[in-house]
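Visitor: Our numbering puts the last residue of the sequence shown at 227; the count rises by one with no breaks. Take this structure, written in structure tokens, and hold onto it; I'll ask about it next.
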Amino acid sequence: MNNPMVSNMVISLGAMQVARKIPFDDPQTLLYVRIAYVATQVITLLVYYYTASKIRAKKDMTTLKFVEPAGPLTGEPDKVITTTVRDYDLDQVSKLVRSTYMAVLMMGFMHLYLKFTQPLFVQALMGLKSLYEAKPVQIHVFGKEPSGDLQRPFKAAAGMFGPTNDVKTDKASIEEAEKAAREAASKKDD
């Protein structure tokens with residue numbers, strides 16, 4: 038499936054149907070589901086750290102310049118980002134690691150405090166799916182070429198209600214954003 042949101046929903050709904058048939062009242066079954074969830078999260082983090090080490094080893098210092106759109110409600114101008122492929126990829130892996138930690142914290146709260154058990158099973162599957170779909174992992178671990186959907190800067194996945202603001206890499210957009218930033222800086226000085 039091309040849209041990760043749709044495939045996430047399909048997998049979640051399918052996993053919830055399977056989870057209904059799992060006897061979570063049985064302590065042995067619950068232990069196995071907990072072990073599967075923790076193992077999935079550990080594998081995910083280990084692969085992300087391995088990916089970061091591969092990125093550091095490649096030392097790709099190719100310059101990457103793009104325009105990052107400002108938030109729709111901030112009223113700020115778009116921001117020009119100049120970085121290297123290495124730093125960009127490391128930043129993307131860092132975001133993936135942080136999102137994994139946040140998911141573990143949320144799941145810990147839901148399972149330990151609210152006593153939900155089915156989400157453990159669902160999130161174990163979703164963790165593996167998100168690991169497989171992670172763009173830095175596809176490039177640096179699976180050896181895919183950074184072109185198309187994997188071209189840097191990575192395009193944001195479309196949301197439930199359509200596409201999101203994407204980064205711009207064309208020369209005209211970069212020059213326009215740089216000009217807007219210079220004008221904003223000169224207005225501050227006045």
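For glycine and all other residues, C-beta sits at the position ideal for the given N, C-alpha and C.
1. Using only alpha-carbon positions, find the residue among Ala161, Gln175 and Asn45 that is nearest to valine 79.
2. Rounded to whole angstroms, what's the CA-CA distance from serine 223 to glutamate 113? Just pull it up for me.
3. In chain order, what residues of the same chain lie with their CB nearer than 6 Å to the CB of proline 173, ignoring the 5 residues before and after it?
4. Is it true that the CB of leucine 82 sits closer than 8 Å to the CB of valine 134?
5. Counting Cβ pairs closer than 8 Å, one from the region 141 to 157 and one from the region 203 to 221, do we hit at least three?
6. Find out if the Cβ-Cβ distance for the pair leucine 157, arginine 71 is shorter than 8 Å.
7. Measuring straight from C-alpha to C-alpha, what distance separates tyrosine 74 and lysine 166?
8. Using CA atoms only, rank isn't needed, just tell me which of Thr120, Gln188 and Ser90 is closest to threonine 99.
9. Identify whether phenylalanine 103 lies in helix, strand or coil by the three-state DSSP scheme.
10. Buried or exposed: which applies to isoleucine 103, given that a residue is buried once 16 or more other Cβ atoms fall within 10 Å of its Cβ?
11. Can you check whether the CB of aspartate 115 is closer than 8 Å to the CB of alanine 221?
Guide: According to the structure shown:
1. Taking the sequence shown and counting its residues from 1, the one referred to as residue 79 is at position 42. Closest option to valine 79, Cα to Cα, is Ala161.
2. Within the sequence shown, numbered from 1, the residue matching residue 223 stands at position 186. Within the sequence shown, numbered from 1, the residue matching residue 113 stands at position 76. The straight-line gap from Cα to Cα measures roughly 15 Å.
3. Looking up residue 173 in the sequence shown gives position 136. The residues are Thr88, Asp126, Gln129 and Val130.
4. If you number the sequence shown from 1, residue 134 lands on position 97. If you number the sequence shown from 1, residue 82 lands on position 45. Yes, they are a contact pair.
5. no
6. Within the sequence shown, residue 157 is the residue found at index 120, counting from 1. Within the sequence shown, residue 71 is the residue found at index 34, counting from 1. Cβ atoms of leucine 157 and arginine 71: closer than 8 Å.
7. Counting from 1 along the sequence shown, the entry for residue 74 is found at position 37. Counting from 1 along the sequence shown, the entry for residue 166 is found at position 129. Approximately 13 Å, taken between the alpha carbons.
8. On the sequence shown, residue 99 is found 62 positions in, with the first residue counted as 1. Comparing Cα-Cα distances from threonine 99 to each of Thr120, Gln188 and Ser90, the minimum goes to Thr120.
9. Position 66 of the sequence shown, counted from the first residue, corresponds to residue 103. Judged by DSSP in its simplified three-state form, phenylalanine 103 adopts strand.
10. Taking the sequence shown and counting its residues from 1, the one referred to as residue 103 is at position 66. Looking at the sequence shown, residue 103 is not isoleucine but phenylalanine. Flag for phenylalanine 103 reads buried.
11. Translated into the one-based positions of the sequence shown, residue 221 becomes position 184. Translated into the one-based positions of the sequence shown, residue 115 becomes position 78. Not a contact, by the Cβ cut-off of 8 Å.
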